[in-house]
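Chains as they are written, first to last, in our numbering: chain Y, 166 to 670; chain Z, 2 to 139.
See below for the structure under consideration.
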């Protein structure tokens, strides 16, 4: 069972190499992409099943025991994240077939996607901070290339902001790792969890914690470090944006969860938890206000990513078991709904002719089914029952009330209204009103001219993710139980520590 | 600018430097050296040849696209991890085979991994050097 732990990393890596060996065979790339992400889904499910049955799994790479070697650890949280990554990877592989042009495919689009998946999975599964840094780099470098692939001027402009800020945050990350190593003499997460409470000289501990907060704050786009996100996420093709929107920022959130529950408990870093709480509130408000002003669908959705991150950060900062579970469930719901909305924005442009809401309209008239499909993630995101967002928000708000954070709960509720407003805006402008060009013929749209295969490759991911959103909402309990289980594990790291160090003691 | 002295010397230096790079690669397990340094030295050998004789000559003496070398390196490095999986040991454990020949000694998967790194570094460096050179020619 333990060896399964490597598979989510090894599988995309092997696929990428195989794709590169057959550099010119684009059709093979596509098939391999779908195949590998399907297999990834299967391994993720096996892993999740194993973790639920046997508890936290750990693998000492090369047989070097923790804390000296690198450990791969899968607890419930990591296993859930790998599973959701596989789902998004699979749908994006399908969506790419329908939308990415051959030129990009020739410039290694598919292998890069696999490497990106490898980086994400590695970041979720590693139990070593320096190793986490390496996976972040794997992920970032693939994302840099994906972002500029095709090198249009606006892509390069977005990429400059993205690359600069992310490199800066990586440098801070590295500095923080160095200081922490100097203080504790270890970088193994489980070992850190043991040693930090025993430290004698604690002066620098808050500094290190804040440095880590800044690092992961940049990656997950929390206030006031989010500016790169709306500036860059709308520039690449939709399949890439969707993948970034769904997963990349969430890796940052994952790291925040991991660091500020397992490693720095609330007694070690009170300041950071206060910072997180307020930053969460500001992130919600600023993100949603930014979104209200936008007319480009992709920019609007990008600002919503920021706003939604706020909810997760807010609930993580509360630190009660219910709050952490709420944050996790929120993250799952959000990854699915947000990615789906991005897919849809791509379809809207193909049908209506533009990303600009002022220039499109009347989609519901010609494609009523698409209109209904759009409502699933849109209302889900806004939090209308019985879709997944309702439960997610209910839990976040309930845990906020239990913790007595009245102001932040009020903010969260207000932001919810504005989210609904944004979604209704997309609906009204894109689907409901007449197309501004009164003689616009939907039979001339690029979507209409696509082949049958391409069409189904665009529609299938949208339907699949819509189903997931509906299932999360209607069959909510098992998913919440899982999130709750993960939260319990996070707040009581004894189990985690024991599985990592089990063999050595 | 073409220099007869440099061009002639580079032909001999190429061989010497490549041999030295392989020496570094094998030496690396217990002493300073290894795949990374070896790969860099090998790349610098080709880079020197390119400076002396031009891009086309360097490409033709390398025979394969440097990007292919990168892929081969990744592939070899990945291969080196597989024996540990099949032998039921922890992932990436070193598996050693004693050849029984005094001169060679034990051969193991870490060497295979190092060869992968060697190829990867060689390929990447040359890809960068050649791309920059092409940009210059335009």
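Built from N, CA and C at the ideal position, the CB exists for glycine as well.
Neighbour list for residue i in chain Y, Cβ cutoff strictly below 7 Å
i            : result
residue 92/Z : 168, 171, 224, 226
CB contact check: residue i to chain Z, cutoff 8 Å
i             : result
residue 185/Y : yes
residue 179/Y : yes
Under 9 Å from the C-beta of residue i: neighbouring residues of chain Y
i            : result
residue 86/Z : 168, 171, 175
Rounded straight-line distance, which links the Cα of residue j to that of residue i
i             : j             : result
residue 422/Y : residue 481/Y : 7 Å
residue 400/Y : residue 514/Y : 14 Å
residue 632/Y : residue 538/Y : 10 Å
residue 507/Y : residue 623/Y : 12 Å
residue 21/Z  : residue 40/Z  : 10 Å
residue 448/Y : residue 427/Y : 24 Å
residue 648/Y : residue 443/Y : 24 Å
residue 194/Y : residue 460/Y : 35 Å
residue 51/Z  : residue 38/Z  : 20 Å
residue 296/Y : residue 595/Y : 45 Å
residue 285/Y : residue 8/Z   : 47 Å
residue 668/Y : residue 169/Y : Model confidence at residue 668/Y stands at a pLDDT of 49, short of 50, so the residue's coordinates are unreliable and nothing is read from them.
residue 72/Z  : residue 391/Y : 36 Å
residue 265/Y : residue 103/Z : 56 Å
residue 344/Y : residue 557/Y : 37 Å
residue 216/Y : residue 358/Y : 21 Å
residue 1/Z   : residue 107/Z : In the structure as shown, chain Z begins at 2 and stops at 139. Residue 1/Z is therefore absent and cannot be evaluated.
residue 4/Z   : residue 53/Z  : 7 Å
residue 283/Y : residue 606/Y : 43 Å
residue 36/Z  : residue 488/Y : 48 Å
residue 24/Z  : residue 45/Z  : 15 Å
residue 320/Y : residue 335/Y : 22 Å
residue 175/Y : residue 599/Y : 50 Å
residue 629/Y : residue 332/Y : 35 Å
residue 308/Y : residue 277/Y : 8 Å
residue 651/Y : residue 625/Y : 31 Å
residue 491/Y : residue 316/Y : 40 Å
residue 13/Z  : residue 82/Z  : 36 Å
Residue i: contacting residues in chain Z (beta-carbon distance under 8 Å)
i             : result
residue 182/Y : 72, 75, 76, 79
Cβ of residue i within 8 Å of any chain Y Cβ
i            : result
residue 95/Z : yes
Range of the contiguous beta strand (DSSP E) that encloses residue i
i             : result
residue 107/Z : 107–109
Residues bridged to residue i (per DSSP)
i             : result
residue 98/Z  : 108/Z
residue 293/Y : 353/Y
residue 609/Y : DSSP output for residue 609/Y lists no bridge partner at all.
residue 461/Y : 521/Y
residue 237/Y : 224/Y, 291/Y
Residue i, enclosing alpha helix (DSSP H) - first and last residue
i             : result
residue 176/Y : 172–186
residue 340/Y : 318–349
residue 428/Y : No alpha helix (DSSP H) holds residue 428/Y; DSSP gives it neither H nor E.
residue 218/Y : 191–219
residue 664/Y : 659–666
residue 579/Y : 571–591
residue 11/Z  : 5–28
residue 643/Y : 641–656
residue 400/Y : Run containing residue 400/Y: none; DSSP gives neither H nor E here.
residue 542/Y : 533–547
residue 87/Z  : 67–87
residue 419/Y : 414–422
residue 54/Z  : 36–54
residue 270/Y : 267–271
Chain C contact for residue i (CB, 8 Å cutoff)
i             : result
residue 213/Y : Although the question refers to chain C, the structure presented lacks it and instead comprises the protein chains Y and Z.
Heavy atom of the ligand GDP within 7 Å of residue i beta-carbon
i             : result
residue 588/Y : Judged by which ligands are present, the structure shown has none, so any question about the ligand GDP falls away.
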